[in-house]
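Residues 8 to 263, numbered by the working numbering, are exactly what the sequence shown covers, in order. Just so it is clear, CB atoms sit at the ideal spot from N, CA and C, and this is done for glycine as well. To start, the structure itself, in structure tokens.
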Amino acid sequence: MTDFSTRLRRATMVEHREAETRSFISRLMAGDVPVAGFAALTAQYLAVYRELEAAAARMRADAVADEVQAAGQAPGKAVGSAAAHAAGHAGHAAALAPEIVSAFADPALTRAPALEADLAHLYGADWESTITVLDSTLAYTDRLRELAATSATHFIAHHYVRYLGDLSGGQMIGRTLAKHYGLGEAGTSFYRFEQIPDPRAYKIAYRERLDALDLTDDQATTLIDEAQLAFRYNAAVFVELGARYPENPEDLAPAA
């Protein structure tokens, strides 16, 4: 039987390829997008990671709560708030072992503080009142808030798409962008995982955690479908950024 991590990778190859080959990303990696476009992308990432990491914090808290509740119960019994918690997460977080879900919500992956530091470097001290969150990003974060914060299956799908992608070549991407935009390490700290010294080993362990998930057929299908959707959300952000920072500035649509 094919490992689930392999099945997931194969099932999302088309969406992954379509996202990473958007014109905006290709031009960014070639240094053909203005630094303002790179800064705008960084701002979109912050909006996404704030939602995703809020969901991760909730998953960690749920896992701790489940452990505490289990420790205080007689074997085989679910009482009071523990029963309500399980009922409220039916088919979602409670359907997957809390320790498995919590293993994905690793604080070592946290990106929001690095993104905030990058934005302070790119925009200055008043960056938070300067940045614009695009409509495509708002649709993405709405999805994260709606499902990833409460459903373990959906959370893992979005977690996989973003973090495993960041770990795959992130340092190389950061160095390339730093060179193109004259940033040095400042402004590209998002691409460096200081608490993960060996990204390759971490990715192997991550895929092993995916393979260890005890998923029903329906859950596996849901996770794959949501991962495909997550790639499409990312592609939509890149398309909107491409429209704001086109290859030929004369292609910009006139202001309404």
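{"query": "Outcome for residue 66 when other beta-carbon atoms lying within 10 angstroms are tallied against a minimum of 16", "result": "buried"}
{"query": "Burial state of residue 226, where buried means 16 or more other Cβ atoms lie within 10 Å", "result": "buried"}
{"query": "Inter-stretch contact at 8 Å, needing at least 3 Cβ pairs: the segment 184-199 / the segment 112-123", "result": "yes"}
{"query": "Sequence-distant residues of its chain with Cβ nearer than 6 Å to residue 112 (five each side left out)", "result": "63, 66, 67"}
{"query": "Segment contact flag, the segment 22-29 with the segment 241-253, C-beta cutoff 8 Å, min 3 pairs", "result": "yes"}
{"query": "Beta-carbon contacts of residue 18 that lie in its chain and below 6 Å, excluding the five residues immediately before and after", "result": "231"}
{"query": "DSSP-derived helix/strand/coil call for residue 177", "result": "helix"}
{"query": "Nearest-angstrom Cα separation, counted from residue 109 out to residue 32", "result": "32 Å"}
{"query": "Residues near residue 34 in its chain [Cβ-Cβ closer than 7 Å; skip 5 each side]", "result": "40, 254"}
{"query": "Beta-carbon separation (whole angstroms), residue 23 vs residue 162, contact threshold 8 Å", "result": "No, residue 23 and residue 162 are not in contact; Cβ-Cβ is about 19 Å, not under 8 Å."}
{"query": "Of the residues 103, 206, 165, the one placed nearest residue 147, counting alpha carbons only", "result": "165"}
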